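Novice: From first to last, the protein sequence lines are chains A and B.
For the first sequence, the working numbering gives the first residue as 1, with consecutive numbering after it.
For the second sequence, the working numbering gives the first residue as 1001, with consecutive numbering after it.
No residue lacks a Cβ here, since even glycine has one placed at the ideal position from N, Cα and C.
It should be emphasised that the depicted structure is a prediction, and the values quoted were computed from it without experimental measurement.
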Amino acid sequence: MHSQFIRGLSSCVSRFAPGLQLTSHRASSALFSKYGTSMCFAARNSSQIKSEAAAPETDVQAGILHDRPRFPGSRSEWTDKLEFLVPESYPGIPVYRIMNRNGTISDPAHDPKLDDATVIRMYQQMTLLSYMDKILYESQRQGRISFYMTHFGEEGTLIGSAAALSNADLAYVQYREAGLLMWRGFTLDQFMDQCYGNEDDLGKGKQMPVHYGSKDLHYVTVSSPLGTQMPQAVGSAYAYKRAQNGQIVICYFGDGAASEGDAHAALNFSATLDCPIIFLCRNNGYAISTPTSQQFRGDGIASRGPGYGIATIRVDGNDTWAVYNAVKAAREVCLAQNRPVLIEAMTYRIGHHSTSDDSSAYRSVDEIRYWDKEDNPIIRFRKYMVNRGLWNDEKETQWKDQAKRQVMTAFQKAEKKVKPAPEELFNDVYDELPWHLQKQKREMMEHVRSHPEHYPLKEHAKMGPI
Amino acid sequence: MIRHRTADCIPHRNLYCNNFSSYANPNLYAELSALRFLLLLFSNCLPFSVCEMSLRLFSSSFSLLRHRAVLCAAPTRNVSARFTYAPEVANPEYGETTKLNLFQSINSAMDVALATDKTAVIFGEDVAFGGVFRATINLQERHGKDRVFNTPLCEQGIVGFGIGVAVAGATSIAEVQFADYIFPAFDQLVNEAAKFRYRSGNQFNCGKLTVRAPYGAVGHGALYHSQSPEAYFAHTPGLKVVIPRGPIQAKGLLLSCIRDDNPCVFFEPKIMYRSAVENVPTGDYTIPLGKAEILEGGNDVTLVGYGTQIHVLKEVAAIAKDTLGVSCEVIDLRTILPWDAETVCQSVAKTGRLLISHEAPVTNGFASEIASYVQKECFLNLEAPIERVCGWDTPFPHTLEPYYIPDKWRCVETIKKMVKF
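Pasting the structure below:
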């Protein structure tokens, strides 16, 4: 009872005055002597518990007492002006651009001056992506695959960022980033296998087209819910920081997904937990039919970064070199300082949202044509290459033929392959098949075996033994 | 033996003290009495308002308490005890033991996990200083600030972040402060964690994720500090859902969850955090997931439950034996998903009668799944319809808790009906 009281008193004291400690010593104190134990309060130099709302510091440099707000974490000064911050009165965060629409570099110091082979490869990847998009979009229209999403207008953002990263940097994406996957080496066959959901699909036929994923290429499998990848990317970045593996995480998302709660969670966590992550927002002007004017009222997504304590830049997403430079610099910041960076790439979605969308229902054909003709990342990059003497009309024709043939070959191959065997349905729910799934699998297979005429068995690999 | 009351300590002054508040700080009574002594000592020289002010300041530093006056009366309400916690004995195979309560045994499991797995990290709201239920006490000190750390107040962020940690190959232990607040993370759990392996063709997975949350009735938790949301997650293929009944079980089951290569949700019966005390093995041991446990054999009625409710069912079995001459077989499910239907069905094949009991509301509660499955597998064995004694289909009330909770009297009445059928 007595020791309980002392313990209680001690913890009382430590709450009120962390710098004080209750110690027992021989010098008696009238206050406590009746308990047979004498105590005195001894001041300690270092407090055990650091408190944010601790005793105010006073700035006594030069002997002047400087009156500042003392609120926890405050970096502010007092003001006696009653003024609201009116966001519309501030200019927008500037857009970093170094290569104009004619492919001319404004400041040669910002030209990465990559070697010829890399520059040509970048162009070929941008165009190969657009040819693949065109063919697969058509194939959906013809009922060969169920769904597709194109990247028209955003090839610069994708290839520019891909080329600036390490292939081992972990990528969490939304759904319009196949250019990154292509850059890292995902083959046309693999793209088509996933879209067809056939037995060679790395995803084992589980998901809709364009939900690619590749462990070898460090590209986390796409999932349909928007923004969910964002806090996950932060978690992986934290684990990478602890593992000290020299890699960062890049997280792509769109202007619409940025409205999700998960986006807020991710930005806040990345800053408070000091994570080496690049958030790359593809602001392409639309979330299906919703223009950005109906998505947010602030200055784009970039204006949110500083609110979270995140280093931020806005770039011209159709300037492949601007994107490249920004991502390269951001990567260095992440690695050196273990802090997040937000890049908002301004671009335009030339294509429809997906094969389920007809964007003429909510925007004018003139608007689309403008971006396709006047500010197309592929055209700008080609002009740069021509300026550098790396490309010409003949090479363009040759490459176009070659690329389209490659795409068609892969396409025809994928179309002929069968889908996974029916029992594949039960795999990978858990690491091992639990008893109830074993039971259900047997039930399903017995049913299908006894009623084969009702099931498209010819399209699937042969069912195994029950 | 600790007696738990449904309406524990609600004296005339709207004062909450005793069990629930003591979870936050076992020194609380000591601190309160010490402070009371100091105030009495100085009350001659201090105006009453100052005393009261200091008391208010003092009490506001506790996250879970609201005090009107320090001079708390001893519990006066005469409510029949809901259940008594009977400590168990650990399997001697697990080695040396020490007296630990539930939060200490959970703390021990996490300590072992962090000591044996250098990638393991623990995170959530307030875990750094030890957690609002002290489950993570001393862990930051022992394992480092980069391994045990606070996150901002955002459950969707906590679970999303946790998934990402697991995907990158590190062991990921997330804490949600109360199961009642797990719902912002529902999308991340159901659409992401549960489906991560399946949708990627097994290229990726978040099997290293474990999400822990305190759950269940506590006497006065009301709508938002008492929920049992296991049924929502049991409906999600890809997750595992585990609920321990006491300290020895909790440590072994939590270690299994942490080491299981599937995302696990671990609900901890908060009412027992401080008061359930057992000799818990100090070492590293696991208890298998997916296996129910028969706590006592019987021939007439099978009683199935989990977590806190198991202790109610044990008393029900004792009352049934003493007053009705009915012998009950008590089964603790332990893992809700995937659940051990074989053990339950074998028991019902023997007894012919099944009573399932949980705090969660009856409609679509997990008892529905058990009842549905067992009636199919054991249809011809049944001597009486399967009964569910559960919470009513209402949100969890505050002062009406004694009428909401599926107490032993409702269970005993139900058994009477079953044996007379």
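(1) Whose Cβ in chain A lies nearer than 7 Å to the Cβ of E1262(B)?
(2) Applying the 10 Å Cβ sphere with the 16-neighbour rule, what's the burial state of I466(A)?
(3) In chain A, which residues lie less than 8 Å from V1165(B) when you measure between Cβ atoms?
(4) Going by DSSP, name the residue or residues bridged to L254(A).
(5) Which runs of the beta strand (DSSP E) spanning at least 3 residues fall entirely within the region 1281-1307 of chain B, listed in chain order?
(6) Would you mind reading off the limits of the beta strand (DSSP E) that contains M346(A)?
(7) If the cut-off is 7 Å on Cβ atoms, which residues from the region 1183-1199 of chain B count as contacting chain A, listed in chain order?
(8) Using the Cα positions of R1245(B) and G1307(B), report the straight-line distance between them to the nearest angstrom.
(9) Would you call R449(A) buried or exposed, if buried means 16 or more other Cβ atoms sit within 10 Å of its Cβ?
(10) Is any beta-carbon of chain A found at less than 8 Å from that of C1328(B)?
(11) Identify whether T221(A) lies in helix, strand or coil by the three-state DSSP scheme.
(12) Does H2(A) pass the burial test, meaning 16 or more other C-beta atoms within 10 Å, or should it be called exposed?
(13) Below 8 Å on the Cβ atoms is my guess for P1214(B) versus F1133(B); work out the distance and round it to an integer in Å.
(14) Could you tell me which chain A residues have their CB closer than 8 Å to the CB of A1170(B), listed as they occur along the chain?
(15) Using a Cβ-Cβ cut-off of 8 Å, state whether L170(A) counts as contacting chain B.
(16) Bridge partners for M99(A) per DSSP, in chain order?
(17) Among T1151(B), T1302(B), T1210(B), which has the Cα closest to the Cα of S1357(B)?
(18) Give me, in chain order, the residues of the same chain whose beta-carbon lies closer than 8 Å to that of L1189(B); leave out the 5 immediate sequence neighbours on both sides.
(19) Check whether the Cβ of T1151(B) lies closer than 8 Å to any Cβ atom in chain A.
(20) Please tell me whether A1120(B) and I1163(B) are closer than 8 Å, where the distance is taken between their beta carbons.
(21) If the cut is a Cβ gap below 9 Å, which residues of chain A does C1154(B) touch?
(22) Alpha helix (DSSP H) containing E155(A): first to last residue?
(23) Using DSSP bridges, identify the partner residues of V1241(B).
(24) I'd like the ranges of any beta strand (DSSP E) spanning at least 3 consecutive residues and lying wholly in the region 1157-1243 of chain B.
(25) Using a Cβ-Cβ cut-off of less than 9 Å, list which residues of the region 198-221 of chain A approach chain B; keep chain order.
(26) For P1395(B), which residues in the same chain have their Cβ closer than 8 Å to its Cβ, ignoring the five residues on either side in sequence?
(27) Verify whether the separation of the beta carbon atoms of R144(A) and E415(A) is less than 8 Å.
(28) Can you tell me whether K1408(B) is buried or exposed? The criterion is at least 16 other CB atoms within 10 Å of its CB, across all chains shown.
(29) List, in chain order, every chain B residue whose beta-carbon is nearer than 8 Å to that of H436(A).
(30) Which residues bound the alpha helix (DSSP H) around T118(A)?
(31) By DSSP, does T1414(B) sit in helix, in strand, or in coil?
(32) Do you know whose CA, among Q402(A), C334(A), M230(A), lies nearest G1157(B)'s CA?
(33) Output the residue ranges of the alpha helix (DSSP H) runs that lie fully inside the region 342-400 of chain A and measure 4 residues or longer, sorted by chain position.
(34) Tell me, please, whether the CB atom of P225(A) is closer than 8 Å to any CB atom in chain B?
(35) Express the C-alpha separation of L267(A) and N338(A) in angstroms, rounding to a whole number.
(36) In three-state DSSP terms, what is K328(A)?
Specialist: Once the coordinates are examined:
(1) Checking the sequence, you will find Asn at residue 1262(B) rather than Glu. Under the 7 Å cutoff, chain A gives Y430, D431.
(2) exposed
(3) G235, S236, Y238, A239
(4) In the sequence as displayed, the identity of residue 254(A) is Gly instead of Leu. Note: G254(A) sits in a beta bridge opposite R282(A).
(5) 1293-1296, 1301-1305
(6) 341-346
(7) D1187, Q1188, N1191, E1192, R1197, Y1198, R1199
(8) 4 Å
(9) exposed
(10) no
(11) coil
(12) Note that H2(A) scores a pLDDT of 48, beneath 50, so its modelled location is shaky; the value from the coordinates is reported in the next line. Per the 10 Å Cβ criterion, exposed.
(13) 6 Å
(14) A239, R242, A243
(15) yes
(16) I105(A)
(17) T1302(B)
(18) V1159, I1182, V1211, F1233, T1236, L1239, P1263, V1265
(19) yes
(20) no
(21) P231, G261, H264, A265, N268, F269
(22) 155-164
(23) V1265(B), L1337(B)
(24) 1172-1175, 1209-1215, 1240-1242
(25) D201, L202, G203, K204, G205, K206, Q207, H211, G213, S214, K215, D216, V220, T221
(26) L1223
(27) yes
(28) buried
(29) P1338, A1341
(30) 116-141
(31) helix
(32) M230(A)
(33) 365-374, 377-387
(34) yes
(35) 14 Å
(36) helix
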